[in-house]
Amino acid sequence: MRDASPAKTYALHIGVIALLFALNFVLPDYHQGLFARIMTLAVFAMGYNLLFGYVGLLSLGHAMFFSAGLYGAGLTVYHLGWGVPEAFVAGVACGALLALVIGLLALRTSGVAFMIVTMMFAQVFYLLILYFAAWTGGDQGLVIQQASRVIAIGGASFDLTNATVRYMSALALFSIILLVTLAVVRSRFGRVLVAIRENEERTKMLGYDTVANKLAAVVASGAICAASGAAYALLFGYVGSGFASVQYSILPLLWVLLGGAATTLGPLIGTLFMYYVTDITSGFTSAYLLIVGVALILLVLFFPKGILGSIRERWLGWLP
Amino acid sequence: MHFGPHLLLAALEGLVTSAVLALTALGLSLVFGVMRVVNVAHGEFFMLGAVLAWAVSTAISGHPAIGFVAALVIAPLLVGLVALIAERLVLRRLHYNPEGTIVATIGMLYIIQQLALTFYGPEARPVEPPFSYRILLPWFGYSGYKLSVVAASAILLVITWLVLTRTKIGLIMRATQYDRETAQAFGIPVERVYAGVFAVGAMLAAIAAVLIVPISQAHYLMGQDPLLLSFIVVIIGGLGSLRGTVVAAVLIGLSDGIVSMFFSPTLAKIIATLVVAMVLVFRPQGLFGTTPR
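Protein chains in written order, with this note's numbering: chain V, 1 to 320; chain A, 1001 to 1293.
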């Protein structure tokens, strides 16, 4: 790995966060809402990228971690009347716990078997949500009322249905996860993960416990995706089984591939790009899945490194 | 009805499911066995077969049998052609890299599904069976067509097995599967074999779909269940093992038919999927497979 210049790297990331902060005051209402959604889902993509980009483990079941956070937060608010912060923590905890169990099982396999196993576990999770429709609302989903989406800190209260509060909450979560990912990939742990991706046998020979490191990465990835799901439930007030379907396991893969796997800002760029492509084309065609399909094929054929990956390769070698 | 006849009915229904499943899973298994490609779009080739069968049989007037036979010939050929084009344009350029091809076939899945929705529409449409003879059992009457599906599937499976084990084409395919590079060194046109296998795999799924479409209707989302069930069958049977695939298809089809007649179908699916995931975790070579080389 290149010895990256830390000052330039941190300046870039702080700059991106500052730009997103400034956009809140410039963007029209519609795009402000869209950006809040994109930042929340970019967190999902960053969690996916940690495992896919840095460890090289292609999972086809990350929808289960996202929806573990979604339902962990949504159901505790809906049925138990928990407050927003507790519900968020519950969502993340659900995701981390699920990731621990799935990791222990799925990491016994590798390659194609790992993809199929994760897909099947995610399918079981999806079917369980449908089976327990009495509590989860099944494919109809549940709407979380505005009254239960208010955070009270001291005397002040923040209403998450307010557009600016929602945007800032999404930005806060996004910024924290972005800086955490940056710190992780620059740390010793991050370098071990990349070493596992490049050559697992050799890493093992050098004395690293590769299984424990991979498990830690799965749990971290699951927890980040669950944080995204929990935030989604609380910010947008809806939980539904659609978020657990196979499609939501494919989407983060698409976003990460598009933005550039194993780049810290790639997930944001991929999510942003895909969302706007869908948004613009939906004006004259309803064939949204067709675009996803064509994009996936063109990406693996011509740009396997994604947007930021190609930029890094050609011009900016220091990009993290 | 008493328990016995009820069970017999469930078993017959399960047998029909098994027959169709065995053909679909065989296609998936061939593609994986020879090319080492996990074809996620396999279910969409199945769906395409059913939709084309509807299109062909409605375009041809006269006795339903004429339309059905035409569909049985034309639909699989068209699906094979689509698969051939996809193989040429996409899979070959990816050099059959396992992860790249999974992502690419996911892309194909979405493209085919969306095109079917656009041109065929969201409705489920029936195809008339070629004959409507009912076999009268002491307890209930049973569709003769359904039993003929089982017979047709069995014949096709035997033919595939004969081709694989008794002909030169089968020998070439097995050689490619065993060791790609050595096969190439001996002058086997590996790329042509791959293209052929991918097309035949898709055609098997399409034939299965044409056979089932008079029983269940053609719909643009009908590819999802067969895909998952085929994965289950191929994994339980051992990736790339033909005998294992057939045994597992009968096992899964029968238990699916019987379990979903007495319990909730969602619960049956949950249990089946979980069991298969566990098989893959703890016994990756499948129940009948040998350890991969």
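Think of the CB as a built atom: it goes at the ideal place given N, C-alpha and C, for glycine as much as any other residue.
* Asked: Between the Cα of P267 of chain V and the Cα atoms of V:A133, V:A42, V:Y288 and V:F303, which residue gives the shortest distance?
  -> V:A42
* Asked: Got a sec: is the Cβ-Cβ distance from L215 of chain V to anything in chain A below 8 Å?
  -> no
* **Rounded Cβ spacing between A227 of chain V and V92 of chain V (contact assumed at less than 8 Å)** => 5 Å
* Find the residues of chain V that neighbour R1093 of chain A, judging by a C-beta separation of less than 7 Å, and give them in chain order. => L301
* In this structure, what does DSSP give as the bridge partners for Y238 of chain V? -> V:V143
* Got a sec: is the Cβ-Cβ distance from L1267 of chain A to anything in chain V below 8 Å? -> Judged by the 8 Å Cβ criterion, L1267 of chain A is in contact with chain V.
* **Reduced DSSP category for R1093 of chain A - H, G, I as helix; E, B as strand; rest coil** => Here R1093 of chain A sits in coil by DSSP.
* Kindly say whether Y131 of chain V, judged by its beta-carbon, lies nearer than 8 Å to any beta-carbon of chain A. => Output row for Y131 of chain V: interface = yes.
* Asked: Does any residue of chain A bring its CB to less than 8 Å from the CB of V164 of chain V?
  -> The residue you asked about is not Val; residue 164 of chain V is Thr in the sequence shown. Not closer than 8 Å to any Cβ of chain A, the Cβ of T164 of chain V fails to qualify, so no.
* Could you work out which residue in A:D1179, A:A1025 and A:L1254 is closest to G1043 of chain A when comparing CA atoms only? => A:A1025
* Asked: What residues of chain A sit near G293 of chain V, judged by a beta carbon separation below 9 Å?
  -> I1106, G1107, M1108, L1109, Y1110, I1111, I1112, Q1113 and Q1114
* List, in order along the chain, the chain V residues whose C-beta lies closer than 7 Å to that of L1280 of chain A? -> Within chain V, T109, A113, I116 and V117 have C-beta atoms less than 7 Å from the C-beta of L1280 of chain A, given in sequence order.
* Taking 8 Å as the CB-CB limit, is L234 of chain V close to chain A? -> no
* Tell me whether L60 of chain V sits in a helix, a strand or coil according to DSSP, three-state version. => Here L60 of chain V sits in coil by DSSP.
* Separation of Y1220 of chain A from L1171 of chain A, as counted between CA atoms -> 37 Å
* DSSP state of D1179 of chain A, grouped into three classes? -> coil
* To do: Would you mind listing the alpha helix (DSSP H) stretches within the stretch 88-159 of chain V that are 4+ residues and don't spill past its ends, in chain order?
  => Counting whole runs of 4 or more residues, the stretch 88-159 of chain V contains the alpha helix (DSSP H) stretches 112-131 and 133-136.
* Extent of the continuous alpha helix (DSSP H) to which I291 of chain V belongs -> Y288 to F302
* Write down the C-beta distance between I245 of chain V and Y126 of chain V rounded to the nearest angstrom, noting that I regard them as a contact closer than 8 Å. => Here residue 245 of chain V is Ser; the residue named in the question, Ile, does not match the sequence. The Cβ separation is near 6 Å, so the contact holds.
* Closest residue to L251 of chain V among V:V143, V:Y288 and V:Q32 (Cα-Cα distance) -> V:Y288
* Who pairs with R1125 of chain A in a beta bridge, going by DSSP? -> A:A1218
* Any idea what DSSP makes of I1142 of chain A, helix, strand or coil? -> The question names Ile, but residue 1142 of chain A is Tyr in the sequence shown. Y1142 of chain A falls in the strand class under three-state DSSP.
* State the Cα-Cα distance for the pair G306 of chain V and S1029 of chain A, rounded to the nearest angstrom. => Taking the straight line joining both Cα atoms gives about 32 Å.
* Please state if the CB of A1249 of chain A and the CB of I1057 of chain A are separated by a distance shorter than 8 Å. => At residue 1057 of chain A the sequence reads Ser, which differs from the Ile that was named. For S1057 of chain A and A1249 of chain A, no; Cβs fall outside 8 Å.
* Could you say if the stretch 57-73 of chain V and the stretch 116-124 of chain V meet the contact criterion of at least three C-beta pairs nearer than 8 Å? => yes
* Is the distance from the Cβ of T264 of chain V to the Cβ of L178 of chain V below 8 Å? -> yes
* Could you tell me whether the Cβ atoms of Q1177 of chain A and G293 of chain V are closer together than 8 Å? => no
* Where does the unbroken beta strand (DSSP E) through R191 of chain V begin, and where does it stop? -> Looking at the DSSP string, R191 of chain V is not in any beta strand (DSSP E); the run it does join, the alpha helix (DSSP H), is R188 to E198.
* Mind reading off the beta-carbon distance from A87 of chain V to V77 of chain V? Whole number of angstroms is fine, and I expect it under 8 Å. => 5 Å
* Could you pull the start and end residues of the beta strand (DSSP E) that L1137 of chain A belongs to? => Where L1137 of chain A is concerned, there is no enclosing beta strand (DSSP E), given that its DSSP letter is neither H nor E.
* Say whether chain V places a C-beta atom closer than 8 Å to the C-beta of I1085 of chain A. => no
* Residue from V:C225, V:Y232, V:Y131 and V:I297 with nearest C-alpha to R149 of chain V -> V:Y232
* What whole-angstrom Cβ distance do I224 of chain V and G1107 of chain A have, given they're in contact under 8 Å? -> Actually they do not touch by this definition, with Cβ atoms about 26 Å apart.
* **contact_flag[the stretch 30-48 of chain V, the stretch 272-282 of chain V] where n(CB pairs < 8 Å) is 3 or more** => yes
* Have a look at G1257 of chain A and L1009 of chain A and give me their C-alpha separation to the nearest angstrom. => Approximately 9 Å between the Cα atoms of the pair.
* To do: Report all residues from its chain with a CB closer than 8 Å to the CB of P1098 of chain A; omit the five preceding and five following residues, and keep chain order.
  => Taken in chain order, the residues that qualify are R1036, V1037 and V1038.
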